[in-house]
Every structure is written in structure tokens, then in C-alpha cells.
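Q: In full-length UniProt numbering, the protein residues as written are 1 to 821. Even for Gly, the Cβ is constructed at its ideal location relative to N, Cα and C. Would you mind keeping the following structure in view while I ask a few things?
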Amino acid sequence: MRTADLTGLPTGIPEALHDEGIEELYPPQAEAVEAGLTDGESLVAAVPTASGKTLIAELAMLSSVARGGKALYIVPLRALASEKKAEFERWEEYGIDVGVSTGNYESTGEWLSSRDIIVATSEKVDSLVRNNAAWMDQLTCVVSDEVHLVDDRNRGPTLEVTLAKLRRLNPNLQTVALSATVGNADVVADWLDAKLVQSDWRPIDLKMGVHYGNAISFDDGSQREVPVGRGERQTPALVADALDGDDDDDQGSSLVFVNSRRNAESAARRMADVTEQYITGDERGELAELAAEIRDISDTETSEDLAKVVAKGAAFHHAGLASEHRTLVEDAFRDRLIKCICATPTLAAGVNTPSRRVVVRDWQRYDGDYGGMKPLDVLEIHQMMGRAGRPGLDPYGEAVLLAKDADSRDELFERYIWADAEDVHSKLAAEPALRTHLLATIASGFAHTREGLLEFLDQTLYAAQTDDPERLGQVTDRVLDYLEINGFVEFEGDSIQATPVGHTVSRLYLDPMSAAEIIDGLEWSAKHRTEKLRALAGETDEESASEREAEPEPDPTAGFQKASEMVSDDGDGDGSDDGDDELEFETDITYPTPLGLYHLVCRTPDMYQLYLKSGDRETYTELCYEREPEFLGRVPSEYEDVAFEDWLSALKTARLLEDWVGEVDEDRITERYGVGPGDIRGKVETAEWLLGAAERLASELDLEAVYAVREAKKRVEYGVREELLDLAGVRGVGRKRARRLFEAGIETRADLREADKAVVLKALRGRRKTAEKILEKAGRQDYSMENVDESDAPDDAVPDDAGFETAKERANQQASLGDFE
DNA sequence: CCATGGTTATTCTAGACAGCATGTC
DNA sequence: CTAGAATAACCATGG
Numbered sequence: 001m002r003t004a005d006l007t008g009l010p011t012g013i014p015e016a017l018h019d020e021g022i023e024e025l026y027p028p029q030a031e032a033v034e035a036g037l038t039d040g041e042s043l044v045a046a047v048p049t050a051s052g053k054t055l056i057a058e059l060a061m062l063s064s065v066a067r068g069g070k071a072l073y074i075v076p077l078r079a080l081a082s083e084k085k086a087e088f089e090r091w092e093e094y095g096i097d098v099g100v101s102t103g104n105y106e107s108t109g110e111w112l113s114s115r116d117i118i119v120a121t122s123e124k125v126d127s128l129v130r131n132n133a134a135w136m137d138q139l140t141c142v143v144s145d146e147v148h149l150v151d152d153r154n155r156g157p158t159l160e161v162t163l164a165k166l167r168r169l170n171p172n173l174q175t176v177a178l179s180a181t182v183g184n185a186d187v188v189a190d191w192l193d194a195k196l197v198q199s200d201w202r203p204i205d206l207k208m209g210v211h212y213g214n215a216i217s218f219d220d221g222s223q224r225e226v227p228v229g230r231g232e233r234q235t236p237a238l239v240a241d242a243l244d245g246d247d248d249d250d251q252g253s254s255l256v257f258v259n260s261r262r263n264a265e266s267a268a269r270r271m272a273d274v275t276e277q278y279i280t281g282d283e284r285g286e287l288a289e290l291a292a293e294i295r296d297i298s299d300t301e302t303s304e305d306l307a308k309v310v311a312k313g314a315a316f317h318h319a320g321l322a323s324e325h326r327t328l329v330e331d332a333f334r335d336r337l338i339k340c341i342c343a344t345p346t347l348a349a350g351v352n353t354p355s356r357r358v359v360v361r362d363w364q365r366y367d368g369d370y371g372g373m374k375p376l377d378v379l380e381i382h383q384m385m386g387r388a389g390r391p392g393l394d395p396y397g398e399a400v401l402l403a404k405d406a407d408s409r410d411e412l413f414e415r416y417i418w419a420d421a422e423d424v425h426s427k428l429a430a431e432p433a434l435r436t437h438l439l440a441t442i443a444s445g446f447a448h449t450r451e452g453l454l455e456f457l458d459q460t461l462y463a464a465q466t467d468d469p470e471r472l473g474q475v476t477d478r479v480l481d482y483l484e485i486n487g488f489v490e491f492e493g494d495s496i497q498a499t500p501v502g503h504t505v506s507r508l509y510l511d512p513m514s515a516a517e518i519i520d521g522l523e524w525s526a527k528h529r530t531e532k533l534r535a536l537a538g539e540t541d542e543e544s545a546s547e548r549e550a551e552p553e554p555d556p557t558a559g560f561q562k563a564s565e566m567v568s569d570d571g572d573g574d575g576s577d578d579g580d581d582e583l584e585f586e587t588d589i590t591y592p593t594p595l596g597l598y599h600l601v602c603r604t605p606d607m608y609q610l611y612l613k614s615g616d617r618e619t620y621t622e623l624c625y626e627r628e629p630e631f632l633g634r635v636p637s638e639y640e641d642v643a644f645e646d647w648l649s650a651l652k653t654a655r656l657l658e659d660w661v662g663e664v665d666e667d668r669i670t671e672r673y674g675v676g677p678g679d680i681r682g683k684v685e686t687a688e689w690l691l692g693a694a695e696r697l698a699s700e701l702d703l704e705a706v707y708a709v710r711e712a713k714k715r716v717e718y719g720v721r722e723e724l725l726d727l728a729g730v731r732g733v734g735r736k737r738a739r740r741l742f743e744a745g746i747e748t749r750a751d752l753r754e755a756d757k758a759v760v761l762k763a764l765r766g767r768r769k770t771a772e773k774i775l776e777k778a779g780r781q782d783y784s785m786e787n788v789d790e791s792d793a794p795d796d797a798v799p800d801d802a803g804f805e806t807a808k809e810r811a812n813q814q815a816s817l818g819d820f821e
């Protein structure tokens, strides 16, 4: 089918496609159109990666918009949201407006009403439904990318429920689901009342094979000799072989998949020795620049290691990298500057990074639940192998598995190359999934009775494929009990209603279990505070009792200040339990301390906890006893509770946050907790979100802890000690600049407006533009830095205990002290 | 005494969505 | 019930 023959699209689009060089539709695309894609027909397309799925989505969305509708494109990853947005924006000149909505990217519901195509993550869509976004019922077309992810234990149910809700809200909704090739795409199609287009067709051939001995055997029967000398390894030989190329002089890039971060990094180090020999003089310079950019992103060992290998034309890629690192690496790989990436599975499901050759080095991965190394799913291996073949560059892509002996070669062929991908199975009947989704279903008015809930659940994939219809009812009853006991829903005869807190929890997008934990912790702290105060004041002291009543501060700032005064978190963390007096102990628990709050949110199921390494058990058990008064809630017993281990992991995570707000250097934190810069960002982001939710809950339940929570949240947000909160709130001022300004005697936003410009300039290391911007944002009228000379600033007469270096050192020292105890 | 090289014991293990209200280095 | 790579620790050898 020719693109010129397409009908039902906005004017100019067929021509535009033609101009892009798309004259003829790929067979699966043509099949989709014939199935009624551009006439609003629902469709499941189960086709390989890079076989033109995006155009299928675009045809559906554009034709829907042409009919006056509005389309939604659901992505599984935030990174993909921006990628897709950029792609769809090329239709803007034809009057198509594109908007994105993810947790961290522009999100106002109103603004999206005017867009024709909206790109969002499944969680964000779910959240928008929960919050009754106005434009939800204007949708005429929804595209779900990577729909096979309904199989995912954690996030699959969200996608499943969200699709069911969208379809219920808009009965005539066109549903287009894009899937990798899976075993039972027909079941998915049945569920969505959609036609099925299934195909193995690829625009670029994919040769799959196994390397063993001195050659790769491919699935088409061909062989390619790739000798491996004695004592050498297979992977570098394969990478070098791809770079040597065939007859053409084009250098082929490689993507190497391994099963751990550490393996990715060490493999990259080895591959760098190979790629180094293939880079040209020009490239060497560009790579050096790229390495410098990488070092600039973060001052950590990970960043440094990455820069080193990048300078030689290789890279590693995993979730410990900062997102800026990842983007740089991905872009440079696409630009053919980086010749080889060694990656964990991040890259298999992430943004588009095609490669001439894909080497799947590890096909097993450690899995604690499984109790050892677990073979990866066929689907997962196929996703990795599907990255082989760069459109327009390669005649075909090569995907290679590695075998050490003839037996495992045969096994790999059997297990992965000849094998079909697994079926997808709904994971909706798991209790954690239903906990959150049933509450949301009740709270947003989709159902108000047990029967109503089951009727709604009947529209999910789970119902479509289960052979145990009882199961869902049983789990539903258990979950409803749980929600009732925790006060999130109320029964009135047959009718179930969400309580006000229940509504809030649903809208905050919290797992009800997280919310329950947070509420328990905060109420526990309130109760203990009252008890301690009573004990201190003596039970009959009426004056202090009435004072206590009057405690909640009407003025937030006053309470805020108060919280700051009460919290004593610097310096005495490790050493001061020599217990000066009881009073200090009392003040410690009077308001929840930051550590207490961090631990509270870290032990919530919404926080992904750090892993305990050898030695950590002792370190954190000790810390657990040292800081016991700060924890909100009963501390599990070291000897009796199985939950103790989890408690310690949460403590480790909470400690990381405490270091972060104690202004401990990034590289120090990564070193101390064995994480990458990306992990710090991730933990901080999650903590920010959960503390924000905790703040809302506290204010709704009228708990004084709001002020302490708000401060703890602000500190996590800026990564600063309490004295810098005011400064760090100024746009353009982060943890580093705030500390420098503070050191120079500029301690508040107000100081910034009054201060000697020379001092400001000096504190900001002579960056005039930065200084001007900061002064302007701080509300200073005369912010110009013209004719200001930083050398006019008086020489450092800074009191040393407030000095940046001193504070930093103290923080770092504190950190290392804890290490050795 | 130390550098080097080889062998054995120990360690360690993927990923990443969400509120709200505005802005990091 | 199940692994395997990287690294640390250890030991032997030779200068």
C-alpha cells in the first residue's frame, strides 16, 4: 500500500510522509490499515521492535484527530515520553498540538485540554483518571506502547486497569496496543475487542546466532568465523570483528548485554581497549570533549570511570548513571562516536539505540527469590537481540549469544533462538496491586459495591484469561477488609465509600499500605509526644496542658521555625548519646527528627530500598540502637522479627538521605553506600514525593508533624542543612552555591537583597551572569553586576565554624566515622 | 626485601512509576 | 535444590 493512497488523515500528512521517504507502507502497517486502523478500528499489533510500530500509532492518532478527536499515547518510561513527543512534534506544522505529561514534566491538566496528542506514562494516566482530568472523556483514541508489560508484576496491573478505565469512560474509544511478539497476542486482542495484526516481518534482517569456539553459527545456517585466541575472551573478539566489518568499510557498533552493573563497567573497560584501536584522529578529539562533559555531570567515581572508557570509544550503561550520562552515551552511540556499549537490561527496553551487532553475554541473572541464577525470559532476550540492525546503515543486524561448549550452544538455540516468546499473564490478582487499584476504583466513583467492583474487574485482562473466577473475589474481599480496617473505605450496607483520607490516598497515588505506615508513624509520634510532655510537666500541671492544646501554630512560618529549633540533627548524630541529660532526649522525640521521617518513608512499599552488603548488618544494627528514640513506631527485635532485615535496609536508605541533607559530597555518598549518582537522584526524588504525601496526610489529619515533615521534605529537595533552606529556595541557588553564599556571610534571601555585590560575586566565584540572575530572583531591584569587582570584597573574615569547608568536612568526617564503627 | 605471577577464597548481584507547584549546576 | 564474574587475598617464585 502506498502512503499517497491513505485516506482519513489531516491534510498534507500523506504528502509529508512521502517527503520523508516513506512511499510504501511496511507489510504490517498495510495490514493494520486494511484492518481499519484509520477508520477508528481497535487493533493489537504484535510485531518486532523497529518494524514501524510508531507509524501505526501515528496513523491511528492522526486520523482520529482528523475526525475531530483527541489521542493519548501511553509509554512505559518517562524517557520514552520525551522521545515520542519529539517525534510527534514534526506534525505541528499540520496543526497537530502535542503535549507530554509525566510525574516530573509539565503536568497541568488544563493545559493538556488543548492538545491533540498527549504522551504520558501509564501511572500518570491512571493518576489523571483518579483526579478526574477534564479532557479524559474527550479521548477518541488511545495507543498503548509495549502493552506486553501488563505481564510486569509491579507496573503491569496499572496499565491493565488504566486501559479498562479509559475504555469504560469512552465506550467508543479506539484502542491501539503495540506489543512485542508474544505467545498469546490473540488473548490480548480479545480482551481489547481489537483486531490482531501479527508478524515477524522486519525492515532489516536479523540474524541470530551463537558463538562457540572460533565461529558464530547463525539461525539461517550460515557461519561466520570469529577466532578467539587462547586466553582471550569471546566478547572482545566479537566487538573487534564487528568493527573490522565485512567487505564494506563501515564500522559496525556493538551492544553488549550483561547481568550486573559491575559486569557492565568492567566489560566496558575491556572493550575500551578494543575500540581504542578503531577511532580516528577526529574522533579522538570529539571523544575527549564528550568525556569532559561526562565528568562535568557528576563528581563521582562512576562518572570518572565512564569518562575514561568513553575517551577510548566505549561506554557502560545502567541505572546507576545519572540520566544526563545516559542521554550523552545514547546520543554518542547513535552518532557512531561510541563504538560499543556494555549495558544492563536498561537499554533493552529504553530509548532507541540500534546497533550493528548485539552480544548477549549473560543470559542468566541472579534472583534472590528464585535462589540463584535464573534464565531470562525469551521475550527479554528477544528484546535485546531486536536492537541489532541500524536502519540505513546495516544490510542486516546480528544478534549473538555466547556458549562455552557445544552442549550449551545447542541449548541456547533451543531455549532462545528457535523458541517463541512466552505468553503474557495478568498479574492483577496480586494483593498489592488490588490494594491500590480497588481503592482508586472506589474513590473515583467507578464502583460502590462489591458487585460493582467485580463487574469492573471483569473488564480486565485478568478476567479474560483466568480459569479461576473465584480468585479475584477472594482477593477483593481480603483487600476490602484491609482498606476498611485502615480507615480508607467505609461500608454502609452494600455500599462502599471512600473516606476523606481514602480519597486523599488515592489522589496522592500512594499505595494504601504506604499511607497506613505513614499515618501510623505520625500518630505514634504525636501520642508519644503527649505522653512525654505529660510526664515532664507532671500530670496536674494545667498550665502546660493548656499550652499544649494551643500548640498548633496558625502561622506556618512560626511552626516551621519551631520545628527547626527542635530538631538537632547536626554533629550529634553519632557521638552525643553520652546522654547529656534527659531533656535533650525529650526534645529529640518531641518533633519527629529528619532521620525518623526518612526512615518512615523508606520502609514504605513505595520506596525501593538499598541492598545490605556484608558488614552493613552490624553497622546498621548498631546505628539502630543508637538512634532508637528517633524512629516513629516500634523497632522490630533483632532476634525475633524477620522484618528486622527490612528495617535495616530502610535505615540504610534513610541514612543516605540524612547524608544528602547533611551536605555530604556526592562522591562520598556513592562510595559509602555503593550506589551510583543516578541512585541518589532516584532515592531523593522518591523521598521528596513520599514526604510530600506525608505532609498532605499530616495536615489532613491535623497532626503537628506537618511542620517537621515539610522541613524534612524541603531539605531533601535542596539537599541542604536547615540553615540553608531559605537561600536554597532562591532560583538558581542549589546546595553548593547556597553553602558558598552562607560562608560569605549571606545567610538569607533578605541578605541577598542587601549584601555587598562584590561579596556575592566572590562567593559565586566571579560568575557575573549567575550572580545577576540570582539577585534578580531574590527580589533585588538593582541586580546589575556591572562595574562590580570581586576583589573589592573584604578578605575572608568568616567565622570558621560556619565555613563551607569546615561544614563539609565535618559532614564527611561524620560519614566516615560511622563507617568504621 | 620486593615485584611479579598464579591460585584460591570471598564478595556480590536489573530496573524506576507516582503529588504538587515552580524552577537546578 | 541451583551461578559465575570480578576482585581480594594469599602464596610461591625469582631477582
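Say whether the stretch 308-315 touches the stretch 669-676, bearing in mind that this needs 3 or more beta-carbon pairs closer than 8 Å, one atom from each stretch.
A: Contact fails: fewer than three Cβ-Cβ distances are below 8 Å.
Q: Nearest to Thr670 by CA position, among Phe316, Leu321, Pro14, is which residue?
A: Nearest C-alpha to Thr670: Leu321.
Q: Should Gln474 go down as buried or exposed, given a rule of 16 or more other Cβ atoms within 10 Å for buried?
A: Its Cβ having fewer than 16 others within 10 Å, Gln474 is exposed.
Q: Looking at the unbroken beta strand (DSSP E) that takes in Ala215, where does it start and where does it end?
A: Segment 215-218, the beta strand (DSSP E) holding Ala215.
Q: Report the partner residues of Gly209 according to the DSSP bridge assignment.
A: Looking at the DSSP assignment, Gly209 forms a beta bridge with Phe218, Val400.
Q: Using the C-alpha atoms, what's the distance from Thr344 back to Phe560?
A: Low per-residue confidence applies at Phe560: pLDDT is 36, beneath 50, and the placement is therefore not dependable enough to give any value.
Q: I believe Ala46 touches Ser144 by the beta-carbon criterion, under 8 Å. Please report the beta-carbon distance rounded to the nearest angstrom.
A: About 12 Å; that fails the 8 Å criterion.
Q: Measure the C-alpha to C-alpha separation of Glu492 and Thr476 and round it to an integer number of angstroms.
A: For Glu492 and Thr476, the distance between alpha carbons rounds to 17 Å.
Q: In the DSSP assignment, the alpha helix (DSSP H) including Pro500 goes from what residue to what residue?
A: Taken as a continuous stretch (DSSP letters only), the alpha helix (DSSP H) holding Pro500 covers 500-508.
Q: Ordered along the chain, which non-local residues of its own chain (more than five positions away) have a Cβ less than 7 Å from that of Ala643?
A: Excluding residues within five positions, the ones whose Cβ falls inside 7 Å are Pro636.
Q: Using 8 Å as the threshold, is the C-beta distance between Arg356 and Gly397 below it?
A: In this structure, Gly397 lies closer than 8 Å to Arg356 by Cβ.
Q: Which runs of the beta strand (DSSP E), 3 residues or longer, sit entirely within the stretch 238-316?
A: Complete beta strand (DSSP E) runs here, min 3: 254-257.
Q: Straight-line CA distance for Glu23 to Arg2?
A: Cα to Cα, the separation comes out at about 6 Å.
Q: I'd like to check one pair, Val150 with Val424: are the Cβ atoms closer than 8 Å?
A: Contact: yes.
Q: Return the residue from the list Glu772, Tyr718, Ala133, Asp792 that minimises the CA-CA distance to Ser784.
A: Out of Glu772, Tyr718, Ala133, Asp792, Glu772 has the C-alpha closest to the C-alpha of Ser784.
Q: Which same chain residues, not among the five before or five after Pro203, have their C-beta less than 8 Å away from its C-beta?
A: Counting only Cβ-Cβ distances below 8 Å, and skipping sequence neighbours, we find Tyr26, Ala50, Ser51, Gly52, Pro391.
Q: Below 8 Å, how does it come out for the stretch 458-472 and the stretch 509-523: are there three or more Cβ pairs, yes or no?
A: Not touching, per the Cβ criterion.
Q: Closer than 7 Å by C-beta to Leu17: which residues in its own chain qualify, once you throw out the five before and the five after it? Chain order, please.
A: The residues are Thr3.
Q: Starting from the C-beta of Gln223, find all residues in its chain whose C-beta is less than 7 Å away, skip the five residues before and the five after it, and write them out in chain order.
A: The answer, listed in chain order, is Ala215, Ile216, Ser217.
Q: Using the rule of at least 16 other Cβ atoms within 10 Å of the residue's Cβ for burial, across every protein chain shown, is Ala550 buried or exposed?
A: Because the pLDDT of Ala550 is 41, which lies under 50, any placement of that residue in the model is unreliable, and the number read from its coordinates should be weighed accordingly. Per the 10 Å Cβ criterion, exposed.
Q: In chain order, which beta strand (DSSP E) runs of at least 3 residues are fully inside the stretch 62-136?
A: Listed in chain order, they are 71-75, 98-101, 117-121.
Q: Does DSSP put Pro677 in a helix, in a strand, or in coil?
A: It is helical.
Q: On the DSSP letters alone, give me the boundaries of the beta strand (DSSP E) that Glu492 sits inside.
A: Residues 489-492.
Q: Who does Gln497 pair with in a DSSP beta bridge?
A: Note: Gln497 sits in a beta bridge opposite Glu490.
Q: Relative to the C-alpha of Glu431, which residue among Leu533, Arg153, Tyr105 is closest?
A: Considering only alpha carbons, the answer is Arg153.
Q: How far does the beta strand (DSSP E) with Ile518 in it extend, from its first residue to its last?
A: Careful: Ile518 lies outside any beta strand (DSSP E), inside the alpha helix (DSSP H) at 512-537.
Q: When you compare each of Val400, Asp193, Asn172 to Phe257 by their alpha carbons, which one comes out closest?
A: For Phe257, the nearest C-alpha among the options comes from Val400.
Q: What separation, rounded to the nearest whole angstrom, lies between the Cα atoms of Val228 and Asp244?
A: When rounded, the distance between both Cα atoms is 15 Å.
Q: Are the CB atoms of Ala57 and Lys195 nearer to each other than 8 Å?
A: No. Outside cutoff.
Q: Which class does Tyr620 belong to by DSSP, given the choice of helix, strand or coil?
A: Helix, per DSSP.
Q: Name the residue from Arg740, Ala433, Ser101, Arg78 whose alpha carbon lies nearest to the alpha carbon of Ser113.
A: That would be Ser101, whose Cα lies nearest to the Cα of Ser113.
Q: Less than 8 Å between the beta carbons of Ala537 and His599, yes or no?
A: No, the Cβ-Cβ distance between Ala537 and His599 is not below 8 Å.
Q: Considering only the alpha carbon of each residue, which of His211, Leu290, Ser63 lies closest to Tyr94?
A: Answer by Cα proximity: Ser63.
Q: Helix, strand or coil: how does DSSP classify Asp367 here?
A: Three-state DSSP puts Asp367 in a strand.
Q: Spatial neighbours of Gln497 within its chain, please: CB distance less than 6 Å, with the 5 preceding and 5 following residues excluded, ordered by chain position.
A: Cβ within range, chain order: Glu490.
Q: Quick one: what's Lys374 bridged to in DSSP?
A: Beta-bridge pairing links Lys374 to Arg365.
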